[in-house]
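First up is the structure itself, then whatever we jot down about it.
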Amino acid sequence: QVARVGIARTFQNLGQFPNTTVLDYLLLGRHTRMRSGILFGGIYLGMTRNEEKKNRAYCLHLLKLLGLEHLRNSPLRSLPYGLQKRADLARALALEPKLLLLDE
Numbered sequence: 002q003v004a005r006v007g008i009a010r011t012f013q014n015l016g017q018f019p020n021t022t023v024l025d026y027l028l029l030g031r032h033t034r035m036r037s038g039i040l041f042g043g044i045y046l047g048m049t050r051n052e053e054k055k056n057r058a059y060c061l062h063l064l065k066l067l068g069l070e071h072l073r074n075s076p077l078r079s080l081p082y083g084l085q086k087r088a089d090l091a092r093a094l095a096l097e098p099k100l101l102l103l104d105e
């Protein structure tokens, strides 16, 4: 609910998704931007496919902006702490928040 009103935050502990790739972590941050429901998401047609392409392109743009594009397929756990924090910042920015809270 907080994300839906335009508030995003970074986390001090990044242990929630250690095996997730950097790109997938950013895509998690785009969940509030997804309009298609679980039914269309399950069959992955039309609107859902277009939404994912747009969200993926936006996340790749953020990765490039923050100098993480070359790490997009790397698991978060394999990154040094500073790069993990940068990936978390990118995830928060992926929400396109009106207000960004930085923890630390």
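Each number in the working numbering comes from the position in the sequence shown (counting from 1) with 1 added on.
C-beta atoms are modelled at their ideal positions from N, C-alpha and C, and glycine is treated no differently.
{"Item": "Assuming residue 10 is part of the beta strand (DSSP E), what are its boundary residues?", "Value": "8 to 10"}
{"Item": "Buried or exposed for residue 89, going by 16 or more other Cβ atoms inside 10 Å?", "Value": "buried"}
{"Item": "Quick check on the DSSP output: the beta strand (DSSP E) that includes residue 101 runs from which residue to which?", "Value": "100 to 102"}
{"Item": "Which value, in whole angstroms, describes the spacing of the CA atoms of residue 20 and residue 81?", "Value": "14 Å"}
{"Item": "Looking at C-alpha atoms only, which residue of 58, 56, 28 and 91 is the closest neighbour of residue 67?", "Value": "91"}
{"Item": "Buried or exposed for residue 40, please, with buried defined as at least 16 other CB atoms from any protein chain shown within 10 angstroms of its CB.", "Value": "Its pLDDT being 49, under 50, residue 40 is placed unreliably in this model, and the value from its coordinates should be taken loosely. So residue 40 counts as exposed."}
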